[in-house]
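2 protein chains.
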Amino acid sequence: MLKVGILGGGQLGKMLLEAAAPYPVETHVLENDPECPAASLCDHFTTGDIRNFEDVYAFGKSLDKITIEIEQVNIEALEKLASEGVVVVPEPRVLRLIKNKISQKQYYREHQIPTADFVITHSRQELIDQLSFLPAVHKIGEGGYDGKGVQLLTNANDLSRGFEAPAVLEKRVPIKKELAVMIAINEKNETAIYPLVEMCFDPTLNLLDTQLCPAQVDPLIASQATAIALQVVEGFRSPGLFAVELFLDTQDQILVNETAPRVHNSGHHTIEAIESSQFDMLWRILLSLSLGDTRLRSPSVMINVVGTGTSGPAHYHGINELASIPGLFWHCYEKKVAKPGRKMGHITLLGGDVNTLQQQALGLKSKVAVSGSSER
Amino acid sequence: MLKVGILGGGQLGKMLLEAAAPYPVETHVLENDPECPAASLCDHFTTGDIRNFEDVYAFGKSLDKITIEIEQVNIEALEKLASEGVVVVPEPRVLRLIKNKISQKQYYREHQIPTADFVITHSRQELIDQLSFLPAVHKIGEGGYDGKGVQLLTNANDLSRGFEAPAVLEKRVPIKKELAVMIAINEKNETAIYPLVEMCFDPTLNLLDTQLCPAQVDPLIASQATAIALQVVEGFRSPGLFAVELFLDTQDQILVNETAPRVHNSGHHTIEAIESSQFDMLWRILLSLSLGDTRLRSPSVMINVVGTGTSGPAHYHGINELASIPGLFWHCYEKKVAKPGRKMGHITLLGGDVNTLQQQALGLKSKVAVSGSSER
């Protein structure tokens with residue numbers, strides 16, 4: 118049986134393993150925390166640091182194929198494994214390009230892919246020279262995740278919050294909507310494109326908040342956004358599953374924000390709303406099977422359920438009520454500890470139209486909570 | 118987190134564990150074979166014999182709830198566990214009643230549930246006295262499974278094949294169709310009823326062959342069959358998930374064949390064809406959540422993929438082609454060894470109408486195989 122490894126054992130790894138169940142594959146996970154969400158669902162769990170060369174190399178060298186569920190992995194080890202015949206999906210070269218926000222932005226510019234204007238800075242001193250470029254968003258080149266490593270700089274007073282490290286200073290765009298397209302590409306260079314989704318972010322935590330599918334945009338906008346995302350992914354020339362995040366600005370221009378070379382939060386609805394989920398699709402790529410069907414079965418709205426209140430052993434409030442709502446699918450990530458803002462689960466609603474579902478979803482947000490205390 | 122144990126680790130246990138993923142539950146499995154399909158998907162695996170009192174009792178005594186994926190379990194241990202506060206679903210009393218084909222048939226008779234006429238025999242000698250009752254089916258009271266423990270007795274020459282053990286001798290019914298209804302019942306006595314399915318059996322192996330949903334019968338027949346199945350399940354007065362198998366005879370009479378007190382082969386299509394699958398539904402019962410939605414999303418046809426040829430390490434033939442067929446869902450049970458007739462996986466097809474799907478399914482049967490040799 119084919120041996121496939123996953124670097125990282127969070128909720129994305131967990132849902133990837135859930136989707137592996139129908140396929141003949143031996144699954145391996147590397148992750149520091151043996152109590153992580155993915156640990157009990159894989160065939161073989163290895164405790165180790167996905168950012169450490171030795172750990173990743175030792176984990177990967179007896180595997181046939183390897184993929185990731187998070188970008189913060191040791192790419193040198195993946196390159197060595199690839200040179201020794203382990204198939205890495207996507208190719209380490211692409212992971213390296215994407216992991217660094219500077220090279221990622223340069224890639225868009227070199228490929229004439231529309232993206233917000235930017236300059237590269239290496240220090241706070243260099244930032245001062247770019248005062249006229251503000252308002253802008255400063256993004257650290259490496260190490261940012263889930264809103265960390267990003268600073269909005271509006272005026273000179275904000276410059277001290279800039280990064281003393283290689284970073285991208287990106288012109289602030291007046292955003293009307295945030296969109297995302299997920300695209301799968303296999304070793305035969307065939308592609309499968311998921312319907313455009315729309316994301317509404319929580320202004321305080323910068324975690325994906327409500328996600329709508331299909332996106333509520335003009336069909337022309339949707340096809341333009343999809344075409345741009347396809348251009349991004351085809352340029353990588355690597356098999357993989359990619360989530361391309363885009364901005365629609367107030368002038369209806371589409372700009373690429375960033376790309377994730379993996380299964381992604383913006384694709385959780387695909388588990389129920391689409392025949393071949395993003396997780397199923399990645400297995401098809403890994404197992405050299407035909408790509409799956411990406412047609413939307415039903416409009417959907419997805420909300421993340423994040424930790425509230427204090428940190429501590431996870432307590433779930435209001436979850437039992439969810440089971441009685443038709444068309445509602447609750448996913449518990451089984452994380453032992455809740456922290457404010459930590460993704461603890463998600464809810465997908467399916468139904469007739471997105472607007473009604475969105476109202477329903479907003480109603481749920483006040484009823485459901487996961488916190489580190491037994492009181493809400 | 119609630120600790121739930123499953124007795125048995127075959128494909129039903131595997132699919133039950135797959136469905137557990139969204140819920141906050143700690144899963145435990147007891148099974149002799151540590152390489153069984155369910156082993157790698159549970160949180161805690163225990164090697165042990167589900168028919169042995171000590172093994173089942175030791176496994177269950179630290180759990181909150183316990184259920185089964187096969188009837189051949191030690192019921193005495195479950196009774197002791199239940200008396201000590203472990204919740205057993207369904208109740209051991211019902212498992213005992215169903216496990217023995219004699220008491221099961223007597224239950225139908227006592228509850229005025231239509232079933233084929235029968236007499237009880239304890240030896241081959243007693244069979245001889247029942248010669249006028251032939252043609253009939255002789256079913257051993259305990260220990261039969263998947264077609265074993267059943268003999269069709271047509272005339273006096275066949276009597277030597279009867280069982281020298283307590284058994285039911287059941288009048289042979291001229292069968293037009295075989296039907297099944299799955300019904301869930303929770304601790305509040307609420308019920309959820311799945312759409313009627315129709316099963317076509319392979320005449321040689323007696324393993325479920327093609328299963329259609331909805332059953333291709335008159336709506337009146339469907340509602341009668343469903344009402345009878347509900348009568349069967351309500352009489353048990355126990356929470357659980359039950360599959361009631363029925364015969365439609367050539368006179369359009371509906372007769373109960375037998376009941377399984379667990380997730381069942383006739384409900385595999387519910388994974389994709391119905392919002393709350395049979396596996397999801399059992400978790401809802403176990404976790405005291407509301408029952409799920411049983412409406413059919415799409416007509417479906419399901420076929421079992423059984424081992425062919427010789428016994429040996431499992432080789433899959435033609436499986437890769439399946440991935441390219443829209444509306445087709447392949448489930449591999451990941452059994453290490455293939456044997457002729459052994460259930461190795463199943464395929465569910467969704468689409469516009471059952472007849473077209475059935476043609477498609479019959480076409481697949483010649484293309485797909487799992488055998489114990491690398492040659493087809």
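Protein sequences, first through last, are from chains A and B. Count the first sequence with the numbering used here and you get residues 118 to 493, in order. Count the second sequence with the numbering used here and you get residues 118 to 493, in order. Cβ atoms here follow ideal geometry from the backbone N, Cα and C, with glycine treated the same way.
Kindly list, in the order they appear in chain B, the residues whose Cβ is closer than 7 Å to that of A:TYR311.
Correct list: empty, because the minimum Cβ distance to chain B is about 15 Å.
For A:LEU329, I'd like the list of residues in its chain whose CB is within less than 7 Å of its CB, leaving aside the five on either flank, ordered along the chain.
Only VAL314, GLU315, VAL418, VAL471, GLN475 meet the Cβ criterion.
Along chain A, in chain order, which residues have C-beta atoms closer than 7 Å to that of B:ASP410?
PRO443
What does B:GLU375 pair with, by DSSP beta-bridge criteria?
B:GLU362
Buried or exposed: which applies to A:ARG354, given that a residue is buried once 16 or more other Cβ atoms fall within 10 Å of its Cβ?
exposed
For A:LEU325, I'd like the list of residues in its chain whose CB is within less than 7 Å of its CB, leaving aside the five on either flank, ordered along the chain.
Bear in mind that the predicted position of A:LEU325 carries a pLDDT of just 49, short of 50, making it too unreliable to give a figure here.
Just how far apart, CA to CA, sit B:SER393 and B:ILE402?
12 Å
By a C-beta neighbour count over all protein chains shown, 10 Å radius and 16 as the cutoff for buried, is A:THR427 buried or exposed?
For A:THR427, the number of other beta carbons within 10 angstroms of its own is below 16, and it is reported as exposed.
Residue ranges of each alpha helix (DSSP H) run of no fewer than 4 residues wholly in the stretch 173–261 of chain A, ordered along the chain?
192–200, 209–216, 218–227, 241–245
Interface flag, B:ASP470 vs chain A, CB-CB below 8 Å:
no
Count the CB pairs spanning the stretch 273–291 of chain B and the stretch 242–256 of chain B that are closer than 8 Å, and state whether there are at least three.
By the Cβ rule, the stretch 273–291 of chain B counts as touching the stretch 242–256 of chain B, because three or more pairs are nearer than 8 Å.
Tell me which residues share the same chain as A:GLU307 and place their Cβ nearer than 7 Å to its Cβ, disregarding the 5 neighbours each side in the sequence.
LEU408
Indicate the three-state DSSP secondary structure (helix, strand or coil) for B:GLY130 in the structure shown.
Note: B:GLY130 maps to helix in three-state DSSP.
Rounded C-alpha distance that separates A:ALA390 from A:ALA344
22 Å
Which residues mark the beginning and the end of the beta strand (DSSP E) in which B:GLU295 is found?
Counted as a single uninterrupted DSSP element, the beta strand (DSSP E) harbouring B:GLU295 occupies residues 292–302.
Within 8 Å, strictly: CB atoms of B:ASN191 and B:GLU259:
no
So with Cβ pairs under 8 Å, would you call B:PRO356 a contact of chain A?
Answer no: the Cβ-Cβ gap between B:PRO356 and chain A never drops below 8 Å.
Less than 8 Å between CB atoms is the rule here; does B:ASN323 satisfy it with respect to chain A?
In this prediction, B:ASN323 has a pLDDT of 48, which is less than 50 and means its spatial position is unreliable; nothing more can be read from the coordinates.
Assuming the contact rule is C-beta atoms closer than 8 Å, B:GLU304 and B:SER200 should be a hit. Round their C-beta distance to whole Å, please.
About 18 Å; that fails the 8 Å criterion.
At a CB-CB cut-off below 8 Å, which residues of chain B make contact with A:ARG401?
ALA440
On a Cα-Cα basis, can you pick out the residue from A:ILE123, A:GLY357, A:ALA297, A:CYS449 that is closest to A:MET461?
A:CYS449
Check the C-beta distance from B:LEU134 over to B:LEU119 and give it rounded, since I have them as a contact under 8 Å.
Going by Cβ atoms, the distance from B:LEU134 to B:LEU119 rounds to 15 Å, so no, they are not a contact pair.
Give, in chain order, every residue of the stretch 131–160 of chain B whose Cβ lies closer than 8 Å to some Cβ of chain C.
The chain labelled as chain C is not found among the protein chains of the depicted structure, namely A and B.
Would you tell me roughly how many angstroms separate the C-alpha atoms of A:ASP160 and A:GLU143, rounded to the nearest one?
Cα to Cα, A:ASP160 sits roughly 6 Å from A:GLU143.
So, at 7 Å on beta carbons, what are the nonlocal neighbours of B:SER490 in its own chain, with the 5 sequence-adjacent residues on each side left out?
GLY426, THR427, GLY429, HIS432
So the beta strand (DSSP E) B:SER417 belongs to, where does it begin and stop?
417–425
Contact list for B:HIS525 against chain A, beta-carbon separation under 7 Å:
Examination of residue 525 of chain B is not possible in this model, given that chain B is present from 118 through 493 alone.
Let me check understanding here. Comparing Cα to Cα, which of A:ASP172, A:GLY468, A:ALA332, A:ASN374 lies closest to A:LEU198?
A:ASP172
For B:PRO430, which three-state DSSP category applies?
strand
Given A:THR500, which residues of its chain have a CB within under 6 Å of its CB, disregarding the five upstream and five downstream residues?
In this structure chain A extends from 118 to 493, so residue 500 of chain A is not present and cannot be described.
Would you report the Cα separation of A:SER240 and A:GLU295, rounded to the nearest angstrom?
29 Å
Do we get a CB-CB distance below 8 Å when we pair A:LEU119 with the residues of chain B?
no
Using only alpha-carbon positions, find the residue among A:ILE302, A:ALA297, A:GLU451, A:GLN128 that is nearest to B:TYR140.
A:GLU451
List, in order along the chain, the chain A residues whose C-beta lies closer than 7 Å to that of B:LEU406?
ASN437, ALA440
Mapping DSSP to helix, strand and coil, what is A:THR271?
coil
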